[in-house]
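**Student:**
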Amino acid sequence: MRTRQSIDDKRWAIDDERRTRVKAKVEVFLKAGVLDVQGKAIEGALHGLGFGEVSSVRVGKTIEFDLGGADPAKAEADVKAMCDRLLANTVIEGYRVEVG
Amino acid sequence: MKAAVVVFPGSNCDRDCKSAIETTTDAKVEMVWHQDSELPPGLDLIVLPGGFSYGDYLRCGAMAAQSPVMRAVAQAADEGRAVVGICNGFQILCEALMLPGALLRNADLKYVCKAVELDVVNAQTRFTSRYGETRRATMTVGNGEGNFFADEDTLDRLEGEGQVLFRYRNNPNGSSRDIAGIVNAKGNVLGIMPHPDRTFEPDLVSADGAALFQSVLASA
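Protein chains in written order, with our numbering: chain D, 1 to 100; chain H, 1001 to 1220.
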């Protein structure tokens, strides 16, 4: 039976869970020495549109996710490990991590 | 002789590989699902076929490299068994760190699908011995991300150690130093971007792919 007490308990549990989750944002880009052919094509198209001042276009991707556990230092270390093992190919890509 | 072809979700050359091997050698071929954590015993060759495993999500081959079967493939390679990754299979081997380098988007951003002329750079390996003195092969490519990349030191090492087995005569995708196929330092893991599995009899543009399967399944 749903009592007032059990509903409150559930709300508290959800709030607790929200408090202990952190948001992670990973940006992955090709390394400086790797030719970004998509970036080059986009740069050419932007020049074609009259934006001649554009240079050094790099195309990357953003990966966002939630992470349990309240310790930001551990979260950041975990996200870096995820980047090294799956999210980025460090032979050709670099990455930036934001945890908060 | 016994071979296995690994089937990932999105593989589309798995049946071609089976046909190619069974047509050109005496080997029996078993199909292995990517979720299997064990390979059949006594394999002389393991093939990672071409296709678009996992829809090329994240990066070509990145998800497949994490499949349960890849742990078994890595272990088999450690034992010295022959492994060939063709096209997407080459990408998977790089993503699994079983081969150096990576495959980038083609230099002109175009998917390229055509016959290519290859030099067999090193014909003294278990994958190329049947190419003998001809040192030439025609195979077909079909790739959008076949542009082999590695840093200069790695490229120097690959060339110096005879690990470059195949080179394009007319580079179709921008690959560093025209590289079309490489082996690992131990010489038992081959990644090749052109398709020997699509060129194993004269009606398929060329029969030159047959010698690759015949080399590895004769020397095993």
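In this text, a Cβ means the ideal position worked out from N, Cα and C, and glycines have one as well.
These numbers were taken from a predicted model, which means no experiment stands behind them.
Tell me which residue opens and which closes the alpha helix (DSSP H) that VAL1069 (chain H) is part of.
**Tutor:** Locating residue 1069 (chain H) in the second sequence gives position 69, counting from the first residue. Run containing VAL1069 (chain H): 1068-1078, per the alpha helix (DSSP H) assignment.
**Student:** Exposed or buried, GLY68 (chain D), counting other C-beta atoms within 10 Å across all chains shown (16 or more means buried)?
**Tutor:** As a working mapping, residue 68 (chain D) is identified with position 68 in the first sequence. Exposed is the call here.
**Student:** What in chain D is Cβ-close to PHE1149 (chain H), meaning under 7 Å?
**Tutor:** Mapped onto the second sequence, residue 1149 (chain H) falls at position 149. Result: VAL34, ILE92.
**Student:** Grouping DSSP H, G and I as helix and E and B as strand, with all else coil, what is MET1063 (chain H)?
**Tutor:** Indexing the second sequence from 1 puts residue 1063 (chain H) at position 63. In this structure, MET1063 (chain H) counts as coil in the three-state DSSP scheme.
**Student:** Which parts of the stretch 38-94 of chain D are runs of the alpha helix (DSSP H), unbroken and 4 residues or longer, counting only runs that do not cross its ends?
**Tutor:** Fully enclosed alpha helix (DSSP H) runs of 4 or longer: 72-82.
**Student:** For chain D, is any of its Cβ atoms less than 8 Å away from the one on ALA1102 (chain H)?
**Tutor:** For this step, residue 1102 (chain H) is matched to residue 102 along the second sequence. Chain D, which has a Cβ nearer than 8 Å to the Cβ of ALA1102 (chain H), makes this yes.
**Student:** In this structure, what does DSSP give as the bridge partners for LEU1155 (chain H)?
**Tutor:** By 1-based counting over the second sequence, the position of residue 1155 (chain H) is 155. Paired residue(s): none; LEU1155 (chain H) is not in a bridge.
**Student:** Per DSSP, GLY1181 (chain H) is paired with what?
**Tutor:** Along the second sequence, one-based indexing puts residue 1181 (chain H) at 181. Partner(s): H:PHE1166, H:ILE1192.
**Student:** Taking just the CA atoms, how far does LEU30 (chain D) sit from MET1139 (chain H)?
**Tutor:** Working through the second sequence from its first residue, we reach residue 1139 (chain H) at position 139. Working through the first sequence from its first residue, we reach residue 30 (chain D) at position 30. Their backbone Cα atoms lie some 30 Å apart in a straight line.
**Student:** Should GLY1174 (chain H) go down as buried or exposed, given a rule of 16 or more other Cβ atoms within 10 Å for buried?
**Tutor:** The residue labelled residue 1174 (chain H) in the question sits at position 174 within the second sequence. That one is buried.
**Student:** Would you decide whether SER1037 (chain H) is buried or exposed? Buried here means 16 or more other CB atoms lie within 10 Å of its CB.
**Tutor:** Counted from its first residue, the second sequence places residue 1037 (chain H) at position 37. The residue in question, SER1037 (chain H), is exposed, as its Cβ has fewer than 16 Cβ neighbours within 10 Å.
**Student:** Beta-carbon of GLN1066 (chain H) versus every beta-carbon of chain D: anything under 8 Å?
**Tutor:** Here residue 1066 (chain H) is taken as the residue at index 66 of the second sequence, counted from 1. Yes, because at least one Cβ of chain D sits closer than 8 Å to the Cβ of GLN1066 (chain H).
**Student:** Where does the unbroken beta strand (DSSP E) through GLY1085 (chain H) begin, and where does it stop?
**Tutor:** As a position in the second sequence, residue 1085 (chain H) is number 85, starting the count at 1. Looking at the DSSP string, the run of the beta strand (DSSP E) that includes GLY1085 (chain H) is 1082-1086.
**Student:** Tell me which same chain residues have a C-beta within less than 6 Å of the C-beta of VAL1084 (chain H), skipping the five on either side of it?
**Tutor:** By 1-based counting over the second sequence, the position of residue 1084 (chain H) is 84. Contacts found: VAL1047, LEU1190.
**Student:** Mark ALA1018 (chain H) as exposed unless 16 or more other C-beta atoms lie within 10 angstroms of its C-beta, in which case mark it buried.
**Tutor:** Working through the second sequence from its first residue, we reach residue 1018 (chain H) at position 18. Note on identity: in this sequence residue 1018 (chain H) is Lys, with Ala being the wrong assignment. With 16 or more other Cβ atoms within 10 Å, it is buried.
**Student:** Please list the partners that ALA1107 (chain H) has in chain D, where partner means a Cβ-to-Cβ separation under 9 Å.
**Tutor:** Residue mapping note: residue 1107 (chain H) aligns to position 107 of the second sequence, counting from 1. What ALA1107 (chain H) touches in chain D: LEU35, VAL37.
**Student:** On a Cα-Cα basis, can you pick out the residue from D:GLY60, D:PRO72, D:SER56, D:LYS74 that is closest to TYR95 (chain D)?
**Tutor:** Within the first sequence, the letter at position 95 stands for residue 95 (chain D). When each option's Cα is compared against that of TYR95 (chain D), the closest is D:GLY60.
**Student:** By DSSP, does VAL1121 (chain H) sit in helix, in strand, or in coil?
**Tutor:** In the second sequence, residue 1121 (chain H) corresponds to position 121, counting from 1. Reduced to three states, the DSSP call for VAL1121 (chain H) is coil.
**Student:** From THR1023 (chain H) to MET1193 (chain H), what distance separates their C-alpha atoms?
**Tutor:** Here residue 1023 (chain H) is taken as the residue at index 23 of the second sequence, counted from 1. Here residue 1193 (chain H) is taken as the residue at index 193 of the second sequence, counted from 1. So the two alpha carbons sit approximately 21 Å from each other.
**Student:** Helix, strand or coil: how does DSSP classify LEU1103 (chain H) here?
**Tutor:** Locating residue 1103 (chain H) in the second sequence gives position 103, where the first residue counts as 1. Note: LEU1103 (chain H) maps to strand in three-state DSSP.
**Student:** Would you mind working out which of H:PRO1202, H:GLY1144, H:VAL1116 sits nearest PHE1166 (chain H), comparing C-alpha positions?
**Tutor:** The sequence position of residue 1166 (chain H) within the second sequence is 166, counting from 1. PHE1166 (chain H) has its Cα closest to that of H:VAL1116, out of H:PRO1202, H:GLY1144, H:VAL1116.
**Student:** Just how far apart, CA to CA, sit ALA1137 (chain H) and ASP84 (chain D)?
**Tutor:** Mapped onto the second sequence, residue 1137 (chain H) falls at position 137. Mapped onto the first sequence, residue 84 (chain D) falls at position 84. Between ALA1137 (chain H) and ASP84 (chain D), the C-alpha separation is close to 38 Å.
**Student:** So HIS1034 (chain H) and VAL1007 (chain H) are in contact, right, with Cβ under 8 Å, and what is the actual spacing, rounded?
**Tutor:** Against the second sequence, residue 1034 (chain H) aligns to sequence position 34. Against the second sequence, residue 1007 (chain H) aligns to sequence position 7. Confirmed, about 6 Å.
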